[in-house]
Each structure stands twice: as structure tokens, then as C-alpha cells.
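J.: Quick one: structure below, then a few questions.
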Amino acid sequence: MAAISSAPQQRDESARRTRPRHRGWRALLTVLLIGCDMLAVNSAFISTFALRYAIDFAQYQPPAASTWLVFLALFNAAFALAFATNGLYTLRRGISRIDESGKLLIAVSIGTLSVFLINTLLTQFRYEAVPLPAATLAWGWAGALALVL
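Residue 46 is where the sequence shown starts when you use our numbering, and the numbers rise one by one after that.
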């Protein structure tokens with residue numbers, strides 16, 4: 046008889062049972078990853094803002110608190126959406142660190158561009174624009190890449 050046959054093979058009873066998968070743990074892990082990424086991105090942009098305050102922002106009148114709250118909510122939503130759409134929260138095997146770094150570079154770049162567009166569109170919804178010079182965005186982008194990687 047040949048080694049490969051279509052006859053049913055005897056299997057151990059434990060091989061027939063599948064291990065239950067808990068989706069709650071995966072959802073919790075995804076929420077924790079999003080929280081850590083938002084902490085890193087916010088830390089990068091806030092520290093850039095604080096370090097460059099005397100250079101870029103001293104001549105501006107600071108916007109109202111409601112403008113900052115709307116801006117920060119949209120800022121975090123833009124980065125979370127950019128990270129999620131680039132597949133950073135799906136756990137796949139066999140992906141190299143170079144591929145993951147490329148995904149992060151693209152996601153942080155899209156998030157930074159989104160922040161620039163959000164700041165521009167805030168004035169259309171009767172909010173003041175948050176003063177974000179190009180140098181602050183560039184340093185924030187570099188800091189976010191360093192902290193997220």
C-alpha cells in the first residue's frame with residue numbers, strides 16, 4: 046500500500062477538539078495598542094509644541110479651550126484611523142520588522158497630513174485655527190516616528 050492514501054487516518058481525540066478563541070482578549074489588546082500609540086503621538090507633538098513655543102508661538106494669541114479640545118479629539122481620531130487603515134492592529138505572522146516600519150512611516154505621515162488638513166478646516170466650522178507652523182509639524186512627525194517605532 047502506498048504511503049499516501051485517501052483512506053481515513055486514525056486521529057487522537059485531542060486533535061479533534063479545537064481550542065476556543067476569545068475575541069475579548071484580542072479587542073482588549075487592540076484598545077491597549079491604540080492607547081499606547083496615541084500616548085506616543087500626543088507626547089511627540091506636545092513636546093515639540095512646548096520646545097518650539099518661544100520660537101513659533103510667542104507672537105500668536107492662543108485659541109480658546111474649546112478649539113483645543115476639538116483639535117485634540119480630531120487629532121487622535123485621525124491618527125487612530127490612519128494606524129487602523131494601514132493594518133497596524135492586525136496580528137499577522139511572518140511580517141518582517143522592515144515591513145512594519147514601512148507601515149508605521151506611512152501611517153504617521155498620513156496622520157500628520159490629516160492634522161494639517163484638520164487645522165485648515167477648523168476655520169470652516171467656526172473654530173479658530175491652531176497655530177501649527179510647518180517646522181512644528183515636521184518635528185512632531187519625526188518625534189512621533191521615533192516614539193512609535
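C-beta atoms are modelled at their ideal positions from N, C-alpha and C, and glycine is treated no differently.
1) Excluding five sequence neighbours on each side, which residues of the same chain lie with their C-beta closer than 6 Å to the C-beta of Phe124?
2) From which residue to which residue does the alpha helix (DSSP H) around Ser141 run?
3) Looking only at its own chain, which residues have a Cβ that is under 6 Å from the Cβ of Gly199, when we skip the five neighbours before and after it?
4) Can you tell me where the alpha helix (DSSP H) with Gly185 in it begins and where it stops?
5) Quick test of the definition: if touching needs 3 or more C-beta pairs under 8 Å, does the segment 110-121 touch the segment 138-154?
6) What do you get for Ala152, buried or exposed, if any count of 16 or more other CB atoms within 10 angstroms of its CB means buried?
7) Tell me the rounded alpha-carbon separation between Ile79 and Leu192.
8) Taking C-beta to C-beta, are Leu190 and Leu158 nearer than 8 Å?
9) What does the alpha-carbon distance come out to for the pair Ala99 and Pro107?
10) Can you check which of these residues, Asn131, Val175, Phe170, is closest to Ala110 by C-alpha distance?
11) Cα separation between Ser154 and Arg137?
T.: This is what the structure gives:
1) By one-based count along the sequence shown, residue 124 stands at place 79. Answer for Phe124: Val86, Gly156, listed in chain order.
2) Here residue 141 is taken as the residue at index 96 of the sequence shown, counted from 1. Careful: Ser141 lies outside any alpha helix (DSSP H) and carries neither H nor E.
3) In the structure displayed, the chain extends from 46 to 194; residue 199 sits before or after that span and is not available.
4) Within the sequence shown, residue 185 is the residue found at index 140, counting from 1. That run of the alpha helix (DSSP H) goes 179-193.
5) no
6) The count along the sequence shown starts at 1 and reaches residue 152 at position 107. Buried is the call here.
7) Counting from one through the sequence shown, the residue named residue 79 turns up at place 34. Counting from one through the sequence shown, the residue named residue 192 turns up at place 147. Cα atoms of Ile79 and Leu192: separation of roughly 14 Å, rounded to the nearest angstrom.
8) If you number the sequence shown from 1, residue 190 lands on position 145. If you number the sequence shown from 1, residue 158 lands on position 113. No. Outside cutoff.
9) By one-based count along the sequence shown, residue 99 stands at place 54. By one-based count along the sequence shown, residue 107 stands at place 62. Going from the Cα of Ala99 to the Cα of Pro107 covers about 13 Å.
10) Residue numbering aside, residue 110 sits at position 65 when the sequence shown is read from its first letter. For the residues Asn131, Val175, Phe170, the minimum Cα distance to Ala110 belongs to Val175.
11) Along the sequence shown, one-based indexing puts residue 154 at 109. Along the sequence shown, one-based indexing puts residue 137 at 92. Distance between the alpha carbons of Ser154 and Arg137: 22 Å.
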